[in-house]
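Everything below concerns the one structure shown next.
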Amino acid sequence: MNDVVPIENLINKIIFLRGHKVMLDSDLAELYGVETKMLKRAVRRNIDRFPVDFMFEISNDEYISLRSQFGTLKRGQHSKYLPYAFTEQGIAMLSSVLHSERAIKVNIAIMRAFVKLRELLLSNKELNRKMQEMEAKYDKQFRIVFEVLQQLMETPNKPRKEIGFKGLQS
Numbered sequence: 005m006n007d008v009v010p011i012e013n014l015i016n017k018i019i020f021l022r023g024h025k026v027m028l029d030s031d032l033a034e035l036y037g038v039e040t041k042m043l044k045r046a047v048r049r050n051i052d053r054f055p056v057d058f059m060f061e062i063s064n065d066e067y068i069s070l071r072s073q074f075g076t077l078k079r080g081q082h083s084k085y086l087p088y089a090f091t092e093q094g095i096a097m098l099s100s101v102l103h104s105e106r107a108i109k110v111n112i113a114i115m116r117a118f119v120k121l122r123e124l125l126l127s128n129k130e131l132n133r134k135m136q137e138m139e140a141k142y143d144k145q146f147r148i149v150f151e152v153l154q155q156l157m158e159t160p161n162k163p164r165k166e167i168g169f170k171g172l173q174s
């Protein structure tokens, strides 16, 4: 179905930053088969197509944090410019800036990866909701059992009547 890039590889390149699912310019450039500086140049020439909710430059602190999280983020470590992060809408807009056949195919694959990731996140939310419902249901049942046990433990031991015959005491 997708002979350009497997969806699993694309999903691994999607990161969460500032509350958005984004991809870094270097990862996108690699996927498109161009140099990062060429991708950035194309974006700068069409900067009006990339508002801040489509693309933003990550801060130095974010970059340091990303590098510590992903030890493989070696490329660009000596770059004098901070990377751009592209949201799903920004990546879609890249197809209007990059006109190659590969860029079109890669963009289609990336859009499918974002859809797949969204589906996974929604299914995880649904699973989490069901687990919370079950916990609440069983918490209530266990609470009743523990209350009964507590009551049984708290009842004073009354002396029992002896059963049987009393023998003659000599």
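Numbering (this note's numbering), first residue to last: 5 to 174.
Yeah, the Cβ is synthetic: ideal placement off N, Cα and C, and Gly gets one too.
1) Between L21 and E61, is the Cβ-Cβ spacing less than 8 Å?
2) Give the secondary structure of M5 by DSSP, where H, G and I count as helix, E and B as strand, and everything else as coil.
3) Roughly how many angstroms lie between the CA atoms of K3 and L86, to the nearest whole one?
4) Among L156, I95, L125, L124, which has the Cα closest to the Cα of I114?
5) What residues are listed by DSSP as bridge partners for I19?
6) Assuming the contact rule is C-beta atoms closer than 8 Å, K120 and I11 should be a hit. Round their C-beta distance to whole Å, please.
7) What is the residue span of the alpha helix (DSSP H) that Y67 lies within?
8) Which of the three DSSP states is assigned to F169 in this structure?
9) Hey, out of S30, V56, D57, whose CA is closest to R45's CA?
10) Return the Cβ separation of M97 and R147 in integer angstroms, given the expectation that the two are a contact with Cβ distance under 8 Å.
11) Pick helix, strand or coil for Y85, following the three-state DSSP scheme.
In terms of the structure at hand:
1) no
2) For M5, the pLDDT reaches just 41, beneath the cut-off of 50, and the residue's location in the model is therefore unreliable, leaving the point undetermined.
3) This structure cannot settle anything about residue 3, because the visible part of the chain is limited to 5 through 174.
4) I95
5) V26
6) 6 Å
7) 64-73
8) coil
9) S30
10) So it is not a contact: roughly 54 Å between Cβ atoms.
11) coil
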